[in-house]
Structure formats: C-alpha cells, structure tokens
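Participant:
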Amino acid sequence: MAEGTMAVYPDSPAGFPRHLQAGAMRRRFWGVFNCLCAGAFGALAAASAKLAFGSQANVGFCTLGIIVMATTNSLMWTFFSRGLSFSMSSAIASVTVTFSNILSSAFLGFVLYGECQEVLWWGGAFLILCGLILIHRNLSPPRKAFPHKQQ
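Mapping of the sequence shown onto the numbering used here: position 43 corresponds to residue 23, and the numbering continues sequentially without gaps.
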C-alpha cells in the first residue's frame, strides 16, 4: 500500500453474489438433513454393535448385528460426506452430527434398553443445541473502521 492511502473497512460484511444466494437455503437444508441422518445412522450402528456383542447373543444374532452395524456405519459416513459437501463449514456439520447422534442414542437407549438419562445429561445436550444454534446463525458483529492516530 502506498504511504498516503488508508485501508477502509466496509460497514457490512461481504455476502455471496446474487446467483449463489438463491440456492443457499436449499444447500443449508440438505446439509443439515444429511448431518442429522448421519448422526442417527451412527447411533443405530452403535446400538446394533451392542446388541451383537451382548452377553446373551447367539451366533445368528451376532452375525445379523455385525451386518447391520457395517451397513449403518457406511450409511453414516455417506451421509456425513454429503453433509460436509453441502455445509458452509466443517464445524457446522460436525456439531450437527454430534447433536443428532446424542439425541438418537438417547432415544434408542430408551426404546431398546429402557435407559433414562439424568438431568445433567439433558443439560449438556441443551448446551450443545444452544451452540449449534449460535453457529447456524448468519449474524456477524458489526465492523467499524479503526480510529487513526493523530501525529
């Protein structure tokens, strides 16, 4: 930069060009949808592994559980990859998958094993949801020009 010029920062952040904004909501929806499916398939893979390798599993149940575990695990990675391709950042996709996996695990634990989660556990899930909402928001702090020193 030349000595006499100053850097000027815009008051509002730069956005996407108009032709990219039209599909942005659709991409965000499919990114969230694929990440939610990935989390659910991950929880299903863990539940089928627990059923397959439980203490009272016979050979047929164990074989079926391994097949279901392998299938749902590959579906989880497929949906997670799709979710990453649709998401604006990998952090958003990762937190969405984590939240979906936690809720799906709680649901499957209740349905399959009769497990009930503690209040502290639900508080943690709520905090993850709050963080997820924060990173999905499209608000950025206002930018102001830096004050220049007088010499």
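All C-beta atoms in this analysis are idealised placements derived from N, C-alpha and C, irrespective of residue type, glycine included.
Since we're looking at a predicted model, the values are computed, not measured.
From the DSSP output, in three-state form, read off residue 96 for me.
Facilitator: Residue mapping note: residue 96 aligns to position 116 of the sequence shown, counting from 1. Here residue 96 sits in coil by DSSP.
Participant: Taking only the alpha-carbon atoms, compute the straight-line gap between residue 106 and residue 99 and give it to the nearest angstrom.
Facilitator: For the purposes of this step, residue 106 is taken as the residue at position 126 of the sequence shown. For the purposes of this step, residue 99 is taken as the residue at position 119 of the sequence shown. Near 10 Å, if we compare the C-alpha coordinates of residue 99 and residue 106.
Participant: Tell me, to the nearest whole angstrom, how far the beta carbon of residue 115 is from that of residue 79; I am working on the premise that it is less than 8 Å.
Facilitator: By one-based count along the sequence shown, residue 115 stands at place 135. By one-based count along the sequence shown, residue 79 stands at place 99. Their Cβ separation, rounded to whole angstroms, is 11 Å, which puts residue 115 and residue 79 out of contact at 8 Å.
Participant: Does DSSP put residue 80 in a helix, in a strand, or in coil?
Facilitator: Residue 80 sits at position 100 when you count from the first residue of the sequence shown. Helix.
Participant: When the Cα atoms are used, what is the spatial distance from residue 110 to residue 101?
Facilitator: Here residue 110 refers to the residue found at position 130 of the sequence shown. Here residue 101 refers to the residue found at position 121 of the sequence shown. So the alpha carbons of these two residues sit roughly 14 Å apart.
Participant: Quick one: what does DSSP say residue 69 is sitting in, helix, strand or coil?
Facilitator: Residue 69 sits at position 89 when you count from the first residue of the sequence shown. Correct three-state label for residue 69: coil.
Participant: Between the beta-carbon of residue 60 and the beta-carbon of residue 15, is there less than 8 Å?
Facilitator: For this step, residue 60 is matched to residue 80 along the sequence shown. For this step, residue 15 is matched to residue 35 along the sequence shown. Yes. Within cutoff.
Participant: Nearest to residue 10 by CA position, among 36, 96, 63 and 54, is which residue?
Facilitator: Counted from its first residue, the sequence shown places residue 10 at position 30. Answer by Cα proximity: 63.
Participant: Touching or not, the region 44 to 52 and the region 21 to 28, by the rule of three or more beta carbon pairs under 8 Å?
Facilitator: yes
Participant: Is residue 3 helix, strand or coil when you go by DSSP?
Facilitator: Counting from 1 along the sequence shown, the entry for residue 3 is found at position 23. Three-state DSSP puts residue 3 in coil, outside helix and strand.
Participant: Does the separation of the CB atoms of residue 112 and residue 75 fall below 8 Å?
Facilitator: If you number the sequence shown from 1, residue 112 lands on position 132. If you number the sequence shown from 1, residue 75 lands on position 95. Yes.
Participant: Please identify the residue among 5, 73 and 83 whose C-alpha is closest to the C-alpha of residue 104.
Facilitator: Residue mapping note: residue 104 aligns to position 124 of the sequence shown, counting from 1. The option with the nearest alpha carbon to residue 104 is 83.
Participant: If you draw a straight line from the C-alpha of residue 67 to the C-alpha of residue 27, how long is it?
Facilitator: Mapped onto the sequence shown, residue 67 falls at position 87. Mapped onto the sequence shown, residue 27 falls at position 47. C-alpha separation (whole angstroms): 27 Å.
Participant: Identify whether residue 14 lies in helix, strand or coil by the three-state DSSP scheme.
Facilitator: As a position in the sequence shown, residue 14 is number 34, starting the count at 1. Residue 14: helix per DSSP, three-state reduction.
Participant: Measuring alpha carbon to alpha carbon, tell me which of 95, 25 and 94 ends up nearest residue 55.
Facilitator: Here residue 55 refers to the residue found at position 75 of the sequence shown. For residue 55, the nearest C-alpha among the options comes from 25.
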